[in-house]
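Chemist: Okay, so the sequence shown: first residue is 506 according to our numbering, each after it adds one.
Take this structure, written in structure tokens, and hold onto it; I'll ask about it next.
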Amino acid sequence: LQPDNTEYQTELGAILIKLAKYHEAVAALKKAIDIDPDNIDAQELLEKAEAGRRRIDFAQPKKDEKKPGSPDSTSNTKTDANIKPASETNSNKTVKPPTMKPVKPAFPPPSKSPK
Numbered sequence: 506l507q508p509d510n511t512e513y514q515t516e517l518g519a520i521l522i523k524l525a526k527y528h529e530a531v532a533a534l535k536k537a538i539d540i541d542p543d544n545i546d547a548q549e550l551l552e553k554a555e556a557g558r559r560r561i562d563f564a565q566p567k568k569d570e571k572k573p574g575s576p577d578s579t580s581n582t583k584t585d586a587n588i589k590p591a592s593e594t595n596s597n598k599t600v601k602p603p604t605m606k607p608v609k610p611a612f613p614p615p616s617k618s619p620k
């Protein structure tokens with residue numbers, strides 16, 4: 506192993522990206538850039554690895570966050586909802602259904618032919 510070799514670190518970063526190990530790839534590529542700041546390949550791969558890491562980090566919930574409605578969640582979607590009892594709603598009002606207008610047929614009715 507050659508940990509101080511910029512080509513080695515760049516290749517390692519590329520392989521780790523293919524394996525979707527973005528956090529490890531970022532570390533390897535930063536080391537390659539520290540060794541050789543003009544390493545364009547490592548810089549481009551670092552951008553790719555950081556983008557992959559952001560996608561993974563965004564998709565995974567944080568450890569202290571719990572999904573709403575999960576058994577260990579402190580909130581319950583049914584009790585947290587803004588639901589009013591029937592006595593507080595406007596149940597005295599009569600709701601009229603919408604009025605339907607007659608529609609003119611697009612085609613004339615079929616003609617009856619004599620038998």
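By construction, the Cβ of each residue, glycine as well, lies at the ideal position given by its N, Cα and C atoms.
(1) What does the alpha-carbon distance come out to for the pair Leu517 and Glu552?
(2) Against chain D, with Cβ distances strictly below 8 Å, would Ala519 count as a contact?
(3) In terms of residue numbering, what span does the alpha helix (DSSP H) encompassing Lys536 cover?
(4) What separation, rounded to the nearest whole angstrom, lies between the Cα atoms of Thr599 and Ala525?
(5) Is the beta carbon of Asp546 less than 8 Å from the beta carbon of Thr515?
(6) State buried or exposed for Thr511, treating a residue as buried only when at least 16 other CB atoms are found within 10 Å of its CB.
(7) Suppose you measure from the CA of Gln548 to the CA of Lys523; what does that come to, to the nearest Å?
Modeler: In short:
(1) 15 Å
(2) In the structure shown, chain D cannot be found, because there is only a single protein chain.
(3) 527-540
(4) 60 Å
(5) yes
(6) buried
(7) 16 Å
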